[in-house]
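In what follows, a structure is listed as structure tokens, so that the remarks can point back to it.
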Amino acid sequence: MDLDYSPADDAFRAEIRTWLEANLPQAVRQKILNHKRLSRDDIASWHQLLGQRGWSAPAWPVEYGGPGWNVAQRHIWDEECARVGAPPVLPFGVSMVAPVIMKYGNEAQKRYYLPRILAGTDWWCQGYSEPGSGSDLASLRTRAVREGDHYVVNGQKTWTTLGQHADMMFCLVRTDPAAKKQEGISFLLIDMKTPGITVRPIVMLDEDHEVNEVFFEDVKVPVENLVGEENRGWTYAKYLLGHERTGIARVGASKRELAFLKQLARKQKKNGKPLIEDPLFAARVAAVEIELMALEVTVERVIASEGAGRGPGPEASMLKIKGTEVQQALTELMVDAVGPLAAPFDPAFLEGEHAHALGGDDDAAPLAAYYFNYRKTSIYGGSNEIQKNIISQMILGI
Ligand SMILES: Cc1cc2nc3c(=O)[nH]c(=O)nc-3n(C[C@H](O)[C@H](O)[C@H](O)COP(=O)(O)OP(=O)(O)OC[C@H]3O[C@@H](n4cnc5c(N)ncnc54)[C@H](O)[C@@H]3O)c2cc1C
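Here it is in structure tokens:
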């Protein structure tokens with residue numbers, strides 16, 4: 017089934033395009049288009065602005081403050097945000113913990129947390145992975161022991177994205193070590209300012225501080241911060257991971273990056289001619305473009321069946337693999353296109369502190385860091401090998 021856009025969808029696209037052009041801060045947009053790093057404030061202020069407009073949580077139901085968009089409109093929103101170069105609304109609050117609170121939280125939790133998530137009042141992070149418990153998440157060992165009105169949490173999380181900025185973490189903890197591993201896990205909401213929490217940076221390949229280790233030492237978490245029932249956390253964790261998967265392919269962002277790659281390849285020269293006219297390079301660009309077009313059609317098919325009431329299911333794994341392969345291939349081609357011009361490493365330029373790069377080419381200078389950073393995409397969100405296992409079991413029935 018294909019996604020058919022109606023005249024109303026076209027009008028919707030025009031409305032949001034106009035709004036984005038008028039409201040997206042130019043400085044932030046330029047950082048995204050130029051592959052520079054975003055600050056905490058760039059991301060938080062954009063979320064807050066969207067919250068005021070009622071557009072920070074496109075997939076939420078109207079009763080909780082969502083805009084009531086259908087799947088086609090949500091897809092248009094994603095496309096337009098990517099096209100213009102808008103910062104992401106981080107998934108941890110809006111698309112991860114919020115659906116869990118809506119489905120499994122109590123009334124007090126819904127009343128307190130959901131409006132704050134919508135408005136971007138709190139910065140959330142995800143406390144799932146631990147050393148030794150990534151793909152095999154159910155083996156996690158961070159322990160929570162109930163003592164009166166509190167749980168006392170001890171252990172360690174790792175790879176916590178942007179946890180250095182976080183006000184809150186949703187966290188999987190082991191509450192029953194004697195039970196089967198999936199059955200002894202609970203889902204806690206933890207205030208990151210609680211005594212006993214230490215956040216330590218992990219510096220990535222591009223020398224950016226994007227992920228962290230988080231240590232818990234006798235951290236007291238009020239019992240009212242338990243979501244749902246004790247020892248049922250695995251069910252909630254799986255629900256969370258299955259949510260909102262079609263955006264995972266990031267087709268809109270890849271289309272923007274493909275256009276950037278072509279622009280680079282028109283500017284660079286090989287044997288006196290624009291690189292884009294080199295048959296071998298042009299063929300490599302075309303191969304990625306074809307993959308991207310096929311991916312876009314696949315995403316639209318999945319969205320159309322979602323609109324017809326069928327959830328994205330295991331197809332999300334195909335989108336994750338193909339989407340990340342295309343993203344990585346684009347970064348490789350960009351570095352190849354500019355060659356040695358990508359070599360200067362200038363963190364101050366990446367942070368937006370210098371107007372121009374040390375190496376003299378502002379387009380080329382961030383590309384090596386971008387290339388290294390994007391190695392992460394085939395690991396996070398469930399590694400691509402794990403997605404292949406899901407496809408072989410759930411789709412191919414092997
Ligand atoms: C940049 C980044 C950000 C992240 N952000 C967060 C976050 O905010 N919160 C959070 O909780 N986690 C986060 N993660 C963690 C991420 O979910 C895990 O890294 C991922 O699930 C893989 O787990 P692991 O690192 O323990 O690797 P492992 O599970 O040890 O895997 C190592 C290798 O073995 C392969 N492998 C493992 N099991 C199998 C199998 N059964 N079959 C075939 N191959 C297998 C994997 O594919 C991988 O190549 C982040 C990771 C990265 C890189």
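Using the working numbering, the letters of the sequence shown correspond one by one to residues 17 to 414. Glycine residues also receive a C-beta, built at the ideal position from the N, C-alpha and C atoms.
- Pull up the DSSP beta-bridge partners for asparagine 228, would you. Pro217
- Item | Close beta carbons around valine 239, own chain, < 6 Å, minus the five adjacent residues each side | Asp165
- Query: What is the DSSP secondary structure of methionine 350, counted as helix, strand or coil?
  - Reply: When DSSP states are grouped into helix, strand and coil, methionine 350 belongs to the helix group.
- How about serine 72: is its Cβ closer than 6 Å to a heavy atom in ligand 1? No - ligand 1 has no heavy atom lying nearer than 6 Å to the Cβ of serine 72.
- Task: Could you name each continuous alpha helix (DSSP H) segment of 4 residues or more that falls completely within the segment 22-93, going from the start of the chain to the end?
- Result: 23-39, 42-49 and 56-69
- Start and end of the alpha helix (DSSP H) containing tyrosine 167? Looking at the DSSP string, tyrosine 167 is not in any alpha helix (DSSP H); the run it does join, the beta strand (DSSP E), is 166-174.
- Task: Find out if the Cβ-Cβ distance for the pair valine 189, threonine 158 is shorter than 7 Å.
- Result: yes
- Item | Integer Cβ distance of leucine 256 from valine 116, believed to fall under 8 Å | 5 Å
- Query: Taking the Cβ atom as the reference point for each residue, do glutamate 322 and valine 87 lie within a distance shorter than 7 Å?
  - Reply: In contact: glutamate 322 and valine 87 (Cβ atoms closer than 7 Å).
- For leucine 14, which residues of its own chain have a beta-carbon under 7 Å away from its beta-carbon, when the five flanking residues on both sides are left out? Absent from the model: residue 14. The displayed extent of the chain is 17 to 414, so no value can be given.
- Query: So, using beta-carbon positions, are threonine 191 and glutamate 246 closer together than 7 Å?
  - Reply: yes
- What's the C-alpha gap between histidine 63 and glutamate 223? 26 Å
- Message: Mapping the DSSP letters down to three states, classify glutamine 198 as helix, strand or coil.
- Response: helix
- Item | the segment 395-404 in contact with the segment 348-358 per 3-pair CB rule at 8 Å | no
- Cβ-Cβ separation, alanine 358 to alanine 98 (assumed contact under 8 Å), whole Å: With 8 Å as the limit, alanine 98 and alanine 358 do not qualify as a contact, their Cβ atoms being about 23 Å apart.
- Task: Give the DSSP bridge partners of arginine 190, in chain order.
- Result: Its beta-bridge partners are Arg159 and Ile201.
- Query: Within 6 Å: the Cβ of lysine 283 and any heavy atom of ligand 1?
  - Reply: no
- Task: Please work out which residues of its chain come closer than 6 Å, Cβ to Cβ, to tryptophan 1, disregarding the five sequence neighbours upstream and downstream, and give them in chain order.
- Result: Lying before the first or after the last residue shown, residue 1 is absent from the chain, which here runs from 17 to 414.
- Item | Whole-angstrom distance between lysine 236 and arginine 307, CA atom to CA atom | Per the sequence shown, residue 307 should be read as glutamate rather than arginine. Approximately 49 Å between the Cα atoms of the pair.
- Message: Let me check you understand the geometry: is the CB of threonine 176 closer than 6 Å to at least one non-hydrogen atom of ligand 1?
- Response: yes
- Query: Beta carbon of tyrosine 255: closer than 6 Å to some heavy atom of ligand 1?
  - Reply: no
- Under the three-state DSSP convention, the category proline 363 falls into: helix
- Task: Could you tell me the distance, in whole angstroms, from the CA atom of alanine 371 to the CA atom of lysine 47?
- Result: 11 Å
- Query: Alpha carbon to alpha carbon, how far is glycine 81 from glutamate 31?
  - Reply: Taking C-alpha positions only, glycine 81 is separated from glutamate 31 by approximately 20 Å.
- Who are the Cβ neighbours of tryptophan 139 in its own chain at under 6 Å, not counting the five residues just before and after it? His181, Ala182 and Asp183
- Using the rule of at least 16 other Cβ atoms within 10 Å of the residue's Cβ for burial, across every protein chain shown, is aspartate 234 buried or exposed? Burial call: exposed.
- Could you please give the first and the last residue of the uninterrupted alpha helix (DSSP H) stretch that includes glutamine 279? 267-283
- Message: Taking 8 Å as the cut-off, does the segment 164-178 touch the segment 126-134 (at least 3 CB pairs, one atom from each stretch)?
- Response: no
- With distances taken between CB atoms, is the gap from threonine 343 to tyrosine 387 smaller than 7 Å? According to the sequence as given, residue 343 is glutamine; it is not threonine. Result no, Cβ atoms of glutamine 343 and tyrosine 387 do not sit closer than 7 Å.
- Task: Assuming proline 330 contacts isoleucine 407 (C-beta within less than 8 Å), just tell me the rounded distance between them.
- Result: 6 Å
- Query: With distances taken from CA atoms, which of Ser55, Ala43, Ala114 and Tyr120 is nearest alanine 75?
  - Reply: Just measuring C-alpha positions, the residue of Ser55, Ala43, Ala114 and Tyr120 sitting nearest alanine 75 is Ala114.
- Task: Examine ligand 1 and report whether any of its heavy atoms sits within less than 6 Å of the Cβ of isoleucine 15.
- Result: Outside the displayed range of the chain (17 to 414) lies residue 15, so it cannot be described from this structure.
- Any idea which residues DSSP pairs proline 330 with across the strands? Its beta-bridge partners do not exist; DSSP assigns none.
- Item | Extent of the continuous beta strand (DSSP E) run through glycine 179 | Unbroken run through glycine 179: none, as it is neither H nor E.
- Could you tell me which of Leu412, Leu374 and Thr177 sits nearest to threonine 393, measuring between CA atoms? Thr177
- Item | Extent of the continuous beta strand (DSSP E) run through glycine 143 | Counting along the chain, the beta strand (DSSP E) containing glycine 143 begins and ends at 140-143.
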